[in-house]
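Residue numbers (the working numbering): 577 to 1145. Cβ coordinates follow ideal geometry from the N, Cα and C atoms, glycine included. In this text the structure is predicted, and so the values were computed from the model without any measurement. Reviewing the structure listed below.
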C-alpha cells in the first residue's frame, strides 16, 4: 500500500513543484526504510524470543521402569502398553463400566452363537504414512500378533480361527472364533492395528515362513512406527527414552491442550526422579518410587501425588496341595488371623482393603462383598477342625517374599507374628524373583505361602479369575495355590463362554463365593498407583478420579493437558 501511494502521489505533482516533489520522495523513502527496518527488527526479535505463550510447545515428560518395546506384537509391559495406546489404534475403546465403544470400528454385530463378529470400519482413518487404514490391515495385525505370540497375542490365540477370519471388503472385517468367548470385545483394546503395507516393505529373513521376520526387526529398531494413533514416533534413544510428537492427521478427538510432544523416559532412580521434579524437567513420575520419595516430592511446591486405583491385587498365595495349607481349615484360620489393618496402616498406607480375589474396579467384582475381618478366636476354632490339630508344630509354613521388593519382608514378618498367635510356625525366606518364578513351575518346589502382585490382563473379572485360579495357570507365578479344582475350572469356563454381559457378571459373582469356601489366598490389599505430577500446569484426569478399568489408559496422552503459560517463573 505504501508503494502504490507513493506512485500516485508522484504522478499528481505539477512540473512547477519539482522541489517539493523531491522532498516528498525523500520522505517516503525514509518512511519505507523505517518500516522495513521495524519489520525486520520485529522478525528478528520474534525469532530470538521464541513463540508466544499460545504457540509454546506443550511438552509432557513421563518416567517408566523401562523404555517400551516398539513392536505391538512383542511388548506387554506398562511402558510398551502406553506406547501402543498412543501410537496405534484399536477397533474399540473401553468405557468406565467395562463395556466398549466404537473406535476404528464404527459398528459391529455378532452371530447368535457368539462365534462370528463382523466389524464395519470408520472411513478416513489415516496411518502416519498417509495411507488409509483398511480391513486387511486389521486381519494382518491380528494374524501377526498371534503368530509372533510375544505380546498380547495370548489373549486371542485360544479363540481366533485365523483360517476363517477375513477382510470381506475394505471396510468390513469378519473375525471368527473357535469357541464362544464372552469378553472378546474388551480384549480387542489390545489388538493394535499396524500399516500392513509399510510392515511388508521391511520384512527380513525370519522364522515365519513367507512373512520372514514379519517386520519385527524393523519395528523393534524404533526408526519409524506403523500406526495411526494420535502420536507418532519421532526418536528413540536406546535404553534411555522415546520421543513422540502429535499426529496432525489424527481422525479422533483430543483435549484442547493435549501435548504436542511427549518424552517417555526409561528410568526410575529415586534421586534422579525427585531432582527432575524439583527442576520441572519431568511432568509425571513412574509408579515405582519408594514411599519416602513420594513424601519428599509431595513437599515440592506445585507437585502433588496422584492416587490411582488399579486392577491389581497383592495376594498371599496358599499352597492347597502341601501340608499344612492343604487343609481348608488351616487356610481359613490363616485368613482370619492375618492383621490386614496393620499391613496397610504401617506398611503400605496408600493401599486399599480388598473385598476378595477380584480388584473392585473390575467389572465382575461383586459389589456386595465385604473385606475379611481379623478374628483370632474364630481362627483358633477353624484350626481345631483341622486334621493337623495337635501336631501343628510338626508342619511349619514356609513363606517366600520377593527379594527385589524390600517392604515385602515386613508383610512376611507380620504374617509370621500373626500366625504364631494361633499356634502356626512360619519360616520366612527371602527369595529373588527369578528363583520364585522357577520354584513355582513345580508343585513340590512351590512354598506354602508366597506374596505376589497380580494384575488383570483385560478389564473383566474373568481375566484375574482365570490367571489366578484356573488349572491352566498352575505352574506359573500367577498361581501358587495349585488349586486344580474341577468345579472352579468349569465355572470359569462357563462364565467366559457366556456372551451376555449381565449373565456373565452374575457367574463371576458365584465363582467368588465358591472361592470363599476354598480360602486359597489371603487378599492383603488392592494396589493404588502413586504418581507425582506437576499440578500447577498439568491437567491429569486420573488424578481427579477420571480413570478406565484397564491398566495404562490413565496415560492416554491425548486427554492429558499441558498449560505452559502456568509454569512458575
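Query	Result
When 919, 821, 1094 are compared against residue 933, the one with the closest alpha-carbon	1094
Pick from 869, 1111, 949, 863 that is closest to residue 1103, judged by C-alpha positions	863
Where residue 1019 falls, given that 16 or more other Cβ within 10 Å makes a residue buried	exposed
Coarse secondary structure for residue 1105, derived from DSSP in three states	strand
Residues near residue 661 in its chain [Cβ-Cβ closer than 7 Å; skip 5 each side]	1128, 1129, 1132
Contacts around residue 806, its chain only, beta-carbon distance under 8 Å, and the 5 residues preceding and following it disregarded	662, 822, 823, 826, 828, 830, 834, 1133, 1134
Residue 730 versus residue 996 - alpha carbon distance	42 Å
Rounded straight-line distance, which links the Cα of residue 898 to that of residue 973	10 Å
Inter-residue spacing [alpha-carbon to alpha-carbon] between residue 1138 and residue 671	24 Å
Residue 1151 in three-state terms, based on DSSP	Only positions 577 to 1145 of the chain appear in this structure, which leaves residue 1151 out of reach.
Residues of its chain near residue 812, where Cβ-Cβ distance is below 6 Å and the 5 sequence neighbours each way are ignored	798, 818
Touching by the beta-carbon criterion (3+ pairs, under 8 Å), the segment 708-727 and the segment 762-776	yes
Check whether residue 852 and residue 1056 have beta carbons under 8 Å apart	no
Where residue 1160 falls: helix, strand or coil (DSSP)	Because the chain is modelled from 577 through 1145, residue 1160 falls outside the range shown and cannot be assessed.
DSSP state of residue 762 mapped onto helix, strand, coil	helix
Reference residue 693; option with closest CA among 735, 658, 738, 749	749
Residue from 685, 909, 645 whose Cα sits closest to the Cα of residue 1092	909
Three-pair Cβ contact test at 8 Å for the segment 842-862 versus the segment 634-650	yes
For residue 950 and residue 794, the rounded distance between their alpha carbons	55 Å
Rounded Cβ spacing between residue 1043 and residue 1054 (contact assumed at less than 8 Å)	5 Å
Local conformation of residue 919 per DSSP, three classes	helix
Top-ranked residue by Cα proximity to residue 739, from 726, 965, 753	753
Candidates 644, 913, 1099, 975: closest to residue 815 by CA position	644
Own chain partners of residue 1085 with C-beta closer than 6 Å, once the 5 adjacent residues on each side are dropped	942
Per-residue burial, residue 1097 [other beta carbons within 10 Å of its own, 16 or more giving buried]	buried
Under the three-state DSSP convention, the category residue 772 falls into	helix
Inter-residue spacing [alpha-carbon to alpha-carbon] between residue 548 and residue 961	Lying outside 577 to 1145, the shown extent of the chain, residue 548 is not represented and no answer is given.
Buried versus exposed call for residue 871 [16 or more other C-beta atoms within 10 Å across all chains shown]	exposed
Three-state secondary structure assigned by DSSP to residue 1029	strand
Buried or exposed (CB count within 10 angstroms, at least 16 for buried), residue 1126	buried
Sufficient close CB pairs (3 or more, under 8 Å) joining the segment 839-856 to the segment 684-701	no
Simplified DSSP assignment, three categories, for residue 1009	helix
Span of the alpha helix (DSSP H) around residue 663	654-663
Burial state of residue 981 (16 or more Cβ within 10 Å)	exposed
Residue 1005 and residue 1029 closer than 8 Å at C-beta	no
Spatially closest choice to residue 1100 from 878, 928, 808, by CA coordinates	928
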